[in-house]
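Chemist: In our numbering, the protein residues as written are 4 to 156.
1) By alpha-carbon positions, which one of 73, 35, 85, 81 ends up nearest to residue 95?
2) Could you pull the DSSP bridge partners for residue 227 from this structure?
3) Which residues in the same chain as residue 98 place their Cβ atom closer than 7 Å to its Cβ, once the five residues preceding and following it in sequence are excluded?
4) In this structure, how does DSSP classify residue 103 when only helix, strand and coil are distinguished?
5) From residue 32 to residue 120, what does the alpha carbon distance come to, in whole angstroms?
6) Helix or strand or just coil, what does DSSP make of residue 95?
7) If you draw a straight line from the C-alpha of residue 65 to the C-alpha of residue 48, how long is it?
8) Let me know if residue 61 comes out buried or exposed under the rule of 16 or more other beta-carbons within 10 Å of its beta-carbon.
9) Can you say whether residue 77 is buried or exposed, counting buried as having 16 or more other CB atoms within 10 angstroms of its CB?
10) Mapping DSSP to helix, strand and coil, what is residue 81?
11) Between the alpha carbons of residue 116 and residue 105, how many angstroms are there, rounded?
12) Rank 59, 68, 38, 51 by C-alpha distance to the C-alpha of residue 102 and give the top, closest one.
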């Protein structure tokens, strides 16, 4: 993503946010800068629906969470499905719940968002031989309909 000159705008922190900050800082974090495909999911009338797909940049992760940089702002408690590259053709799918977001104004491009997520469902691995990925300007990749993913038990 290059060297970004970021100015962070401080926001008020409520009691609920303070407990989340304390909770998330207790876990050991490991730097893991990777570009990951994502889907933001919603439950509509009991059915899961994907409402947005693209890519995020993972900054670090812990045993139970991950910190990502996104081009759009998800809502708290929204489900985020991440496709994390493991090897050349191998990916792991993880399901996270968005716990908090923080705006990072980036002049003159607008805003990026730091997003803290809690792991809900651990890795399922799959192979992607024809990922159907196209490049677009902006934060990165957009994923077409997945048609060549095979789950690995």
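Note that the Cβ used here is the ideal one computed from N, Cα and C, for glycine as well.
Modeler: Concretely, from the data shown:
1) If you number the chain shown from 1, residue 95 lands on position 92. Ranking the options by Cα distance to residue 95, first place goes to 85.
2) Lying before the first or after the last residue shown, residue 227 is absent from the chain, which here runs from 4 to 156.
3) Mapped onto the chain shown, residue 98 falls at position 95. Closer than 7 Å at Cβ, skipping near neighbours: 82, 84, 123, 124.
4) Position 100 of the chain shown, counting from 1, holds the residue named residue 103. Note: residue 103 maps to strand in three-state DSSP.
5) Mapped onto the chain shown, residue 32 falls at position 29. Mapped onto the chain shown, residue 120 falls at position 117. C-alpha separation (whole angstroms): 13 Å.
6) Locating residue 95 in the chain shown gives position 92, counting from the first residue. Residue 95 falls in the strand class under three-state DSSP.
7) Stepping through the chain shown from its first residue, residue 65 is reached at position 62. Stepping through the chain shown from its first residue, residue 48 is reached at position 45. Looking at the two C-alpha atoms, the distance is approximately 33 Å.
8) Taking the first residue of the chain shown as position 1, residue 61 is located at position 58. So residue 61 counts as buried.
9) Counting from 1 along the chain shown, the entry for residue 77 is found at position 74. That one is buried.
10) Your numbering for residue 81 matches position 78 in the chain shown. In this structure, residue 81 counts as coil in the three-state DSSP scheme.
11) Position 113 of the chain shown, counted from the first residue, corresponds to residue 116. Position 102 of the chain shown, counted from the first residue, corresponds to residue 105. Straight-line Cα distance between these residues: approximately 6 Å.
12) Start at 1 with the first residue of the chain shown, and residue 102 comes out as number 99. The option with the nearest alpha carbon to residue 102 is 68.
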